[in-house]
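Undergrad:
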Amino acid sequence: MSSKRILVVDNEPSIQEVAQICLETVAGWQVTIAGSGLEGLATAEREQPDAILLDVMMPDMDGLDTFSKLQANPATRSIPVILLTAKVQITDRQNYTELGIRSTIAKPFSPLDLAQQIATTLGWQL
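Heads up: the sequence shown at position 16 corresponds to 256 in our numbering, and the numbers run straight through without jumps.
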């Protein structure tokens with residue numbers, strides 16, 4: 241298993257914990273947690289993860305604003321972003337793709353499938 245580094249940006253502690261446990265256990269990846277968009281921006285710039293799993297619905301700065309700021313920063317622009325969202329409509333997916341978001345994963349997600357969904361989206365081997 242390759243040791244990829246994943247940044248999970250989500251304001252819900254239960255989602256943070258489930259994602260971290262699953263990605264570390266199933267894939268052997270290193271997981272860093274950020275509890276807000278602002279924290280996620282700073283962590284992404286500092287840690288340079290291989291991918292970011294980003295919640296859409298967060299207080300203060302939502303996932304789309306966070307993504308926009310990631311794209312505006314040359315240090316984080318090339319990090320692939322996958323959205324976690326409870327609202328996944330076909331039109332939303334199309335809009336997200338046009339923005340440059342790699343994929344969306346619907347909440348609630350299957351913890352055992354999460355690593356495979358990320359790996360498939362990004363062309364990684366598990």
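Glycine included, C-beta positions come from ideal geometry on N, C-alpha and C. The structure presented is a predicted model; accordingly, all values stated were derived computationally and were not measured.
(1) Could you give the DSSP three-state label for Val-266: helix, strand or coil?
(2) Short check: CB of Gly-280 to CB of Leu-247, under 8 angstroms?
(3) Between which residues of its own chain and Gln-270 is the CB-CB distance below 8 angstroms, once the five residues before and five after are set aside?
(4) Can you find a CB in chain B that lies within less than 8 angstroms of the CB of Val-249?
(5) Mind the definition here: the region 331 to 338 touches the region 351 to 364 only if three or more C-beta pairs lie below 8 angstroms; say whether that holds.
TA: Working from what's here:
(1) Position 26 of the sequence shown, counted from the first residue, corresponds to residue 266. It is helical.
(2) Along the sequence shown, read from residue 1 onward, the residue named residue 280 stands at position 40. Along the sequence shown, read from residue 1 onward, the residue named residue 247 stands at position 7. Result yes, Cβ atoms of Gly-280 and Leu-247 sit closer than 8 angstroms.
(3) By one-based count along the sequence shown, residue 270 stands at place 30. Within the same chain, and ignoring the five residues on either side of Gln-270 in sequence, the residues whose Cβ sits closer than 8 angstroms to its Cβ are Ser-243, Lys-244, Arg-245, Ile-246 and Glu-264.
(4) Judged by its chain identifiers, the structure shown contains no chain B, having just a single protein chain.
(5) The region 331 to 338, when compared against the region 351 to 364, does not touch it at the 8 angstroms Cβ threshold.
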